[in-house]
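> For reference, the structure I am asking about is given below.
Numbering (the UniProt record's numbering), first residue to last: 1 to 448.
Given below as structure tokens:
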């Protein structure tokens, strides 16, 4: 529970805005924060506790955004609220600084009133908040902590022309679909589902896997009319056996349909029906309009590296000889792009001779040789050789790992796939549905 929100500006720590949600706070709390934090550059902690009062604060440019509480609260939830509040101010004002606070003081207090009810953060969805601000006047359960002239101007401005809350704004504030407004219409109804993955891999010289994980996200771009309900079926191992819903075009005999993936960690957008997801891993949701992140996940089991590296390193005196073989393990109908491998060399290197598939270049400023394969067709090999001469020193050289970069379209490193995608609306229109996959190298390294 948040007792108050304070916004300080500049090095002087002027209170630009304040909203109190619970009684019992005194004027001196602003001075305490100003003295203990703003005027004390050595205090870098984001949390200040004085007696029974805690100040949780973040910095944004020259501003301090502070939540004050006298209760045992979940600090991470409070910080999440502060960051979302800051993002909303940026989206509403264009910039969020001292000048913007003075210029948009009425709107600033409306945000503080709409986002927090009796100390509890409410809806922070940007689209829903915009609807609320467009249809409501500046009314609040809270009050100003200080009767400043700035506040008087804000209050008189909001009371001079009272506006009744719009039905649409009220419905979005209290209804089950606060993230989507009604009445959206498109000539061409379509939805794009993109699965982006970062493949993280650490291997030894022989190509044996030390660790591997895939971090993925499902990005949706919705251009759908009305209030549609979308349903995505994934080949997640946890829900595969009990999920009996298939698309009529789903080929259940294909390897992709038979293969299942164990998702070990995931985060879902608020639009997802959690009960349905927990029951059979079906992602059922009413999408926000436009682009949004539907889901984040991680996979750690049964991963197959799309590109394998086998490395031979021969060190003799002041000479290092590399012999590297790269193999594309994915299907031959796919082509990886921008495949680049970085091979480390000692900082006191004097001469480099390299050749291999594609192009090679010695980058002295980064102490490495760049091996650029470019386009790499599945099922093929590429080779690289390099001889490095360097001056020996008393300090031993501990080489960093070989690093690889690549991007691979229509390929999912985790094996995750969309088994079906359905769009249903009461008007029964037909929507175009697009599903795309892209895997990139994350931390893709080979120890030497």
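Each residue gets a CB set at the ideal place from its N, CA and C atoms; glycine is no exception.
Kindly list the residues whose CB is nearer than 6 Å to the CB of residue 228, restricted to its own chain and excluding five residues on each side of it in sequence; keep chain order.
Excluding positions up to five away in sequence, the list reads 423, 425.
> Mind checking whether residue 444 and residue 411 have CB atoms under 7 Å apart?
Not in contact: residue 444 and residue 411 (Cβ atoms no closer than 7 Å).
> Return helix, strand or coil for residue 89, following the three-state DSSP convention.
Note: residue 89 maps to helix in three-state DSSP.
> Do residue 442 and residue 208 have their C-beta atoms within less than 7 Å of each other?
No; because the gap between Cβ atoms is not below 7 Å, this pair is not in contact.
> State the Cα-Cα distance for the pair residue 211 and residue 203, rounded to the nearest angstrom.
Taking the straight line joining both Cα atoms gives about 7 Å.
> Would you check if the distance between the CB atom of residue 323 and the CB atom of residue 345 is smaller than 7 Å?
It is not a contact, given that the beta carbons lie outside the stated cut-off.
> In the DSSP output, what is residue 18 paired with across the bridge?
Answer by DSSP bridge pairing, in chain order: 6.
> Going by C-alpha distance, which of 113, 95, 353, 310 is nearest residue 6?
When each option's Cα is compared against that of residue 6, the closest is 113.
> Can you name the start and end residues of the alpha helix (DSSP H) that residue 103 belongs to?
Unbroken alpha helix (DSSP H) run through residue 103: 98-103.
> Check each candidate in 85, 353, 106 and name the one with the smallest Cα separation from residue 121.
The candidate whose alpha carbon is nearest that of residue 121 is 85.
> Suppose you measure from the CA of residue 262 to the CA of residue 233; what does that come to, to the nearest Å?
Their backbone Cα atoms lie some 14 Å apart in a straight line.
> If you run the structure through DSSP and keep just helix, strand and coil, what is residue 364?
It is helical.
> Let me confirm a value: residue 415 is counted as buried when at least 16 other C-beta atoms fall within 10 Å, else exposed. Which label applies?
With 16 or more Cβ atoms within 10 Å of its Cβ, residue 415 is classed as buried.
> Looking only at C-alpha atoms, which of 432, 447, 128 sits nearest to residue 188?
Answer by Cα proximity: 432.
> Determine the DSSP secondary structure at residue 129, reduced to helix, strand or coil.
Here residue 129 sits in helix by DSSP.
> Taking a contact to mean a Cβ-Cβ separation below 7 Å, would you say residue 81 touches residue 66 in this structure?
The answer is no: Cβ separation not under 7 Å.
> For residue 312, which of helix, strand or coil comes out of DSSP?
Here residue 312 sits in strand by DSSP.
> With three or more beta-carbon pairs closer than 8 Å as the criterion, would you say the region 19-28 touches the region 39-49?
Touching, no, given that fewer than three Cβ pairs across the two stretches are closer than 8 Å.
> If you check the beta carbons only, do residue 34 and residue 13 fall under 7 Å apart?
In contact: residue 34 and residue 13 (Cβ atoms closer than 7 Å).
> Restricting to runs no shorter than 3 residues, where is the beta strand (DSSP E) found entirely within the region 397-438?
Runs found: 402-409, 418-424.
> Taking DSSP as the reference, what is the three-state secondary structure of residue 67?
In this structure, residue 67 counts as strand in the three-state DSSP scheme.
> Got a sec? Which residues, its chain only, sit under 7 Å from residue 38 by beta carbon, not counting five neighbours each side?
If we look at residue 38 and ignore the five residues flanking it on each side, its Cβ neighbours are 8, 13, 64.
> Where residue 380 and residue 335 are concerned, what is the direct C-alpha to C-alpha distance, given to the nearest angstrom?
Looking at the two C-alpha atoms, the distance is approximately 10 Å.
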